[in-house]
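Please read the structure below before turning to the comments.
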Amino acid sequence: MDRKKKTNMDVQCPLLKKYKVHKKSFCSRSGTKSMLDILFKTRSHHALEDCLKKDEIYQKSERKIEEVLRKINRMGLDQKQLDAVDEALSICNYHDSQYGRIAYSLGFKDAVHLIMELFAD
-18 MDRKKKTNMD
-8 VQCPLLKKYK
2 VHKKSFCSRS
12 GTKSMLDILF
22 KTRSHHALED
32 CLKKDEIYQK
42 SERKIEEVLR
52 KINRMGLDQK
62 QLDAVDEALS
72 ICNYHDSQYG
82 RIAYSLGFKD
92 AVHLIMELFA
102 D
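Residue 0 in this note's numbering is what sits at position 19 of the sequence shown, and the numbering runs on without skipping anything.
As structure tokens, then:
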């Protein structure tokens, strides 16, 4: 696998740093209500992370994100412009993550209901 070494640019790129912090904090959230919630959260966080590490398409998109964030950093934007870019990307990321969360939850619940129907009676 083509792994790039972390460069000084990576450490200095504020958007890349915020992206990585946000990604880590989003993946570590917890809090459950029922056994179904516990199972859902375990699968959607821990098992999902394992799958994402192994998925080449996902890893390729991760590398592309980092590449684009470095490119934005090299543009020499002032702090106000960087904040506007960061806000726009954060809103898009949050929106897409909520879509994914809801879609995953719906699919998970549909599978549970299907299994319950199959074993009912």
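The beta carbon of each residue, even a glycine, is placed where N, CA and C say it ideally should be. Here the structure is a predicted model, which is why all the values come from computation and not from measurement.
Checklist entry - Hey, is the stretch 87 to 95 in contact with the stretch 31 to 49, meaning 3+ C-beta pairs nearer than 8 angstroms? => result Touching, no.
Checklist entry - Where does L99 land, buried or exposed, given buried means 16+ other C-beta within 10 angstroms? => result By one-based count along the sequence shown, residue 99 stands at place 118. That one is exposed.
Checklist entry - For L58 versus V49, is the C-beta distance shorter than 8 angstroms? => result Translated into the one-based positions of the sequence shown, residue 58 becomes position 77. Translated into the one-based positions of the sequence shown, residue 49 becomes position 68. No, they are not a contact pair.
Checklist entry - What separation, rounded to the nearest whole angstrom, lies between the Cα atoms of Q60 and S15? => result Within the sequence shown, the letter at position 79 stands for residue 60. Within the sequence shown, the letter at position 34 stands for residue 15. Taking C-alpha positions only, Q60 is separated from S15 by approximately 44 angstroms.
Checklist entry - How about R44 and C(-6): do their beta carbons lie closer than 8 angstroms? => result As a working mapping, residue 44 is identified with position 63 in the sequence shown. As a working mapping, residue -6 is identified with position 13 in the sequence shown. Cβ atoms of R44 and C(-6): not closer than 8 angstroms.
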